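Chains as they are written, first to last, in the working numbering: chain X, 33 to 390; chain P, 33 to 390.
Ideal Cβ positions, reconstructed from N, Cα and C, are used throughout, including at glycine.
Remember, it's a predicted structure, so these values are computed and weren't measured experimentally.
This report concerns only the one structure given below.
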């Protein structure tokens, strides 16, 4: 497709995101209050179940067909020494995902989640490897300290890849989507996006990523400051922010979230990078927020700023900072548990249990 | 067994709890640091896996055979109007557990956990019901505003029931034990224990339980104050505290934790009531602490005080306050995930992934 066609499609998808209807929440609450437990004693699990009812508009929502899309891409800004790992690790980790040895593989198996690995912009070619979705927009972004990370048409193509993945998820009957990513250098892009959208300084929202030392962190902050000065991104123009200081996997995830929202597929957002994509998606279309669950709180300092920006309390806080979709996988199991409680618990009347006195 | 025999057995079990050997932690850390992930990026999951290695003293610990013991008992103090639910609900909920309709049934199925329901002190007789472990010490505790909840021999018998359950878990090959309970009135007992062991006032550590209103909460605090005045429990004598203001299910759980610790079975402690039992176990034998994982933080206000007393950060905080073992079930799945990551992830060298630079 041409860039114009992609742009139109993105625009149409943004416009197609529905609002949730409050009558479905009321129906969900009535059932929750009839189940054999003290009122509201399942805490956040009740809110999750109610939201699934609202999203799916079903008396008995299902979310057991779970899939994580892990999008991989490289970042030109790694030239500036912003990561503790060499760029080659993006490719190496993609191969590790494909052979089942990475953390996300273990957690996906444990949580009953299927996994799709997408090359949306890894620098090197993979050739003929089984199981990889090939959707490379370009071999890594440009170094955004010297100008935009992407052209407009590259951005549109990356967003369209995400929309395509959402369409595939819907067609194949997945009922819960998780986001994941791999890209050496991508906490630098996520920190830059976070600084712009939340109005905070680079120093406030930048962390050690995969393991920078003090000197490395200082350099990373300076690199982000230079990128912001070179591009001067405008928080009122989220697509420009994404194009200027984002990444191909981040743009793909933004497209995925918009695509899922307009198809009423709930999305579990993983950590810092995924939440940067979510922040762009919600800046473009606030209605997307209703379809998102924040999987966990990463120990990257910018993540909390983004979660607050989104008003999305994380489900888990296990001090993880790995990405790949690892936080999403664990949270998807919690969400599935909440929905099973909603569907499977006995009611006070069916179980013959007395209700509260007075 | 006679009370003296039980007491000897309890005393012997307390003495038999082993200390963890630091060399196993060092071995665990070496493997964790060889796995394909940035150093320490799995956060608390790494600490969990390392502790399992220390507890089991195995290079590849296993914890997939999971069981929750849910102990049910009644409380004489319900005469004082301390619960929003009638006492009959303890029995009704036991029947709900046995027919599979309670929250803990749904979560146990979801998390692959087996469940055992134990009548350690429900007021009424169950007759011939399938699946219930009958270990009733007495039909509910005495009203502890007028004197001790139990006699010494009843306390020893309840502790011995817990020791027996640990022995069964070991014999049947379970590798991870979760605690659960059901007992209308048992937050009152747990709050009383918490006040004594942490040195806080009843008002600080008492909450609404299953759903008291303001007047009910005020009465509950006054009841606990009367119980403490009537029994004058000494925090330096944890068994006396348990006997005076505890409950039969709480004593059973204390015994279960001690029994598991002396057999090197890791235990996932559920919410407020279970943590009160854990606090007594650790007051009796501080080494028990190494074998415990705090499953979640309940929204009952006394729970945080107990977790701090134990120095046990909770794994989950989903604002649940249901008991039954519900928080333990979800946390057991997280612990299993941590151990699978430890065992199943590729290493940098096996996957051909570059390590950090410098």
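- [ ] With 8 Å as the limit, tell me which residues of the segment 310-328 of chain P have their beta carbon closer than that to any beta carbon of chain X; keep them in chain order.
- [x] none
Open item on the list: Our contact map puts residue 192/P next to residue 80/P with C-beta atoms below 8 Å; I'd like the distance itself, whole angstroms only.
Closed with: As a working mapping, residue 192/P is identified with position 160 in the second chain. As a working mapping, residue 80/P is identified with position 48 in the second chain. Between residue 80/P and residue 192/P the Cβ distance is about 30 Å, and since that is not below 8 Å, they are no contact.
- [ ] Inspect the beta-carbon positions of residue 356/X and residue 136/X and report whether they are closer than 7 Å.
- [x] Counted from its first residue, the first chain places residue 356/X at position 324. Counted from its first residue, the first chain places residue 136/X at position 104. Result yes, Cβ atoms of residue 356/X and residue 136/X sit closer than 7 Å.
Open item on the list: For residue 380/P and residue 354/X, what's the separation of their Cα atoms in angstroms?
Closed with: Numbered from its first residue, the second chain carries residue 380/P at position 348. Numbered from its first residue, the first chain carries residue 354/X at position 322. Whole-angstrom Cα-Cα distance: 15 Å.
TODO: Quick one: measure Cβ to Cβ for residue 304/X and residue 222/X, integer angstroms, because I've assumed they're closer than 8 Å.
DONE: Counting from one through the first chain, the residue named residue 304/X turns up at place 272. Counting from one through the first chain, the residue named residue 222/X turns up at place 190. Distance from residue 304/X to residue 222/X at the Cβ level is roughly 5 Å; contact confirmed, criterion being Cβ atoms closer than 8 Å.
TODO: Give a yes or no on whether the minimum CB-CB distance between residue 156/X and chain P is below 7 Å.
DONE: In the first chain, the residue the question calls residue 156/X occupies position 124. So no, residue 156/X is outside the interface.
- [ ] At 8 Å on the CB atoms, spell out the chain X contacts of residue 124/P, in chain order.
- [x] Against the second chain, residue 124/P aligns to sequence position 92. Within 8 Å Cβ-Cβ: 383, 384, 385, 386.
Open item on the list: Given this structure, state the Cα-to-Cα distance separating residue 184/P from residue 274/P, to the nearest angstrom.
Closed with: Taking the second chain and counting its residues from 1, one reaches residue 184/P at position 152. Taking the second chain and counting its residues from 1, one reaches residue 274/P at position 242. Straight-line Cα distance between these residues: approximately 10 Å.
Open item on the list: With three or more beta-carbon pairs closer than 8 Å as the criterion, would you say the segment 251-271 of chain X touches the segment 196-207 of chain X?
Closed with: Because the criterion of three Cβ pairs below 8 Å is not met, the segment 251-271 of chain X and the segment 196-207 of chain X do not touch.
Open item on the list: Closest to residue 178/X by C-alpha separation, out of 264/X, 388/X, 75/X, would be which residue?
Closed with: By 1-based counting over the first chain, the position of residue 178/X is 146. Out of 264/X, 388/X, 75/X, 264/X has the C-alpha closest to the C-alpha of residue 178/X.
TODO: Report the residue from 143/P, 345/P, 261/P whose alpha carbon sits nearest the alpha carbon of residue 369/P.
DONE: As a first step, residue 369/P is located in the second chain; it is residue number 337 there, counting from the start. Checked all of 143/P, 345/P, 261/P; the closest Cα to residue 369/P is 143/P.
Task: Runs of beta strand (DSSP E) lying entirely within the segment 151-231 of chain X, each at least 3 residues, in chain order - done: 164-166, 208-214
TODO: Mark residue 107/X as exposed unless 16 or more other C-beta atoms lie within 10 angstroms of its C-beta, in which case mark it buried.
DONE: The residue given as residue 107/X occupies position 75 in the first chain. Label assigned to residue 107/X: buried.
Task: Any chain X beta carbon closer than 7 Å to residue 62/P - done: Here residue 62/P corresponds to residue number 30 of the second chain, with the count starting at 1. Not closer than 7 Å to any Cβ of chain X, the Cβ of residue 62/P fails to qualify, so no.
TODO: Please go through the segment 229-271 of chain P and give each complete alpha helix (DSSP H) segment of 4 or more residues, from N-terminal end onward.
DONE: The qualifying runs are 234-237, 246-263.
TODO: List the residues that DSSP assigns as beta-bridge partners of residue 304/P.
DONE: Taking the first residue of the second chain as position 1, residue 304/P is located at position 272. DSSP lists no partner for residue 304/P.
Open item on the list: Can you confirm whether residue 97/P, when its beta carbon is compared against all beta carbons of chain X, has any partner nearer than 7 Å?
Closed with: Position 65 of the second chain, counted from the start, is the residue given in the question as residue 97/P. Residue 97/P does not count as touching chain X.
- [ ] Quick one: grab the DSSP three-state call for residue 369/P.
- [x] Counting from one through the second chain, the residue named residue 369/P turns up at place 337. The answer is helix: DSSP assigns residue 369/P an H, G or I state.
- [ ] Report the neighbours of residue 147/X on chain P: residues whose CB is nearer than 7 Å to its CB, in chain order.
- [x] Taking the first chain and counting its residues from 1, the one referred to as residue 147/X is at position 115. Chain P residues near residue 147/X: none, gap ~14 Å exceeds 7 Å.
Task: Inter-residue spacing [alpha-carbon to alpha-carbon] between residue 78/P and residue 322/P - done: As a working note, residue 78/P is residue 46 in the second chain. As a working note, residue 322/P is residue 290 in the second chain. Roughly 15 Å separates the two Cα atoms.
TODO: Determine the burial state of residue 346/X: buried for a count of at least 16 other Cβ atoms within 10 Å of its Cβ, exposed for fewer.
DONE: Residue mapping note: residue 346/X aligns to position 314 of the first chain, counting from 1. Looking at its Cβ environment, which holds 16 or more other Cβ atoms inside 10 Å, residue 346/X is buried.
Task: C-alpha distance - residue 266/X paired with residue 373/X, whole-angstrom precision - done: For the purposes of this step, residue 266/X is identified with residue 234 of the first chain, where counting begins at 1. For the purposes of this step, residue 373/X is identified with residue 341 of the first chain, where counting begins at 1. Roughly 44 Å between the two C-alpha positions.
Task: Which listed residue (36/P, 101/P, 307/P, 72/P) has its alpha carbon closest to that of residue 196/P - done: The residue labelled residue 196/P in the question sits at position 164 within the second chain. Comparing Cα positions, the closest option is 101/P.
- [ ] Pull up the DSSP beta-bridge partners for residue 146/P, would you.
- [x] Locating residue 146/P in the second chain gives position 114, where the first residue counts as 1. DSSP output for residue 146/P lists 99/P as bridge partner(s).
- [ ] Kindly identify the DSSP beta-bridge partner or partners of residue 277/X.
- [x] Taking the first chain and counting its residues from 1, one reaches residue 277/X at position 245. Partner(s): none; residue 277/X has no beta bridge.
- [ ] Quick one: list the residues of chain P neighbouring residue 366/X, beta-carbon separation under 7 Å, in chain order.
- [x] On the first chain, position 334 is the one that residue 366/X refers to. Simply 362.
TODO: Taking a Cβ distance cut-off of 8 Å, strictly less, list which residues of the segment 294-311 of chain P are near chain X, in chain order.
DONE: none
Task: Meets three-Cβ-pair contact criterion under 8 Å: the segment 82-95 of chain P and the segment 52-66 of chain P - done: yes
TODO: Give a yes or no on whether 7 Å exceeds the smallest Cβ distance from residue 121/X to chain P.
DONE: The residue given as residue 121/X occupies position 89 in the first chain. Closer than 7 Å to some Cβ of chain P, the Cβ of residue 121/X qualifies, so yes.
TODO: Measure the alpha-carbon distance for residue 82/X versus residue 74/X and round it to whole angstroms.
DONE: Taking the first residue of the first chain as position 1, residue 82/X is located at position 50. Taking the first residue of the first chain as position 1, residue 74/X is located at position 42. Whole-angstrom Cα-Cα distance: 12 Å.
- [ ] Taking only the alpha-carbon atoms, compute the straight-line gap between residue 111/X and residue 352/X and give it to the nearest angstrom.
- [x] As a working note, residue 111/X is residue 79 in the first chain. As a working note, residue 352/X is residue 320 in the first chain. Spanning the two alpha carbons is a distance of roughly 26 Å.
- [ ] Report the rounded CA-to-CA distance for residue 306/P versus residue 285/P, giving the unit in angstroms.
- [x] To locate residue 306/P, count along the second chain from 1; it is residue 274. To locate residue 285/P, count along the second chain from 1; it is residue 253. CA-CA distance, residue 306/P to residue 285/P, rounds to 7 Å.
Task: Beta carbon proximity, residue 353/X to chain P, threshold 7 Å - done: Looking up residue 353/X in the first chain gives position 321. A Cβ of chain P is located within less than 7 Å of the beta carbon of residue 353/X.
Task: 6 Å CB neighbourhood of residue 330/P in its chain, flanking five on each side removed - done: Translated into the one-based positions of the second chain, residue 330/P becomes position 298. Hits under 6 Å: 303, 304, 353.
Task: In DSSP terms, what residue 139/X is bridged to - done: Taking the first residue of the first chain as position 1, residue 139/X is located at position 107. Residue 139/X is not bridged to any residue.
Task: is_contact[residue 166/X, chain P] using C-beta, thresh 7 Å - done: Here the question's residue 166/X lines up with position 134 in the first chain. It does not; no Cβ of chain P falls within 7 Å.
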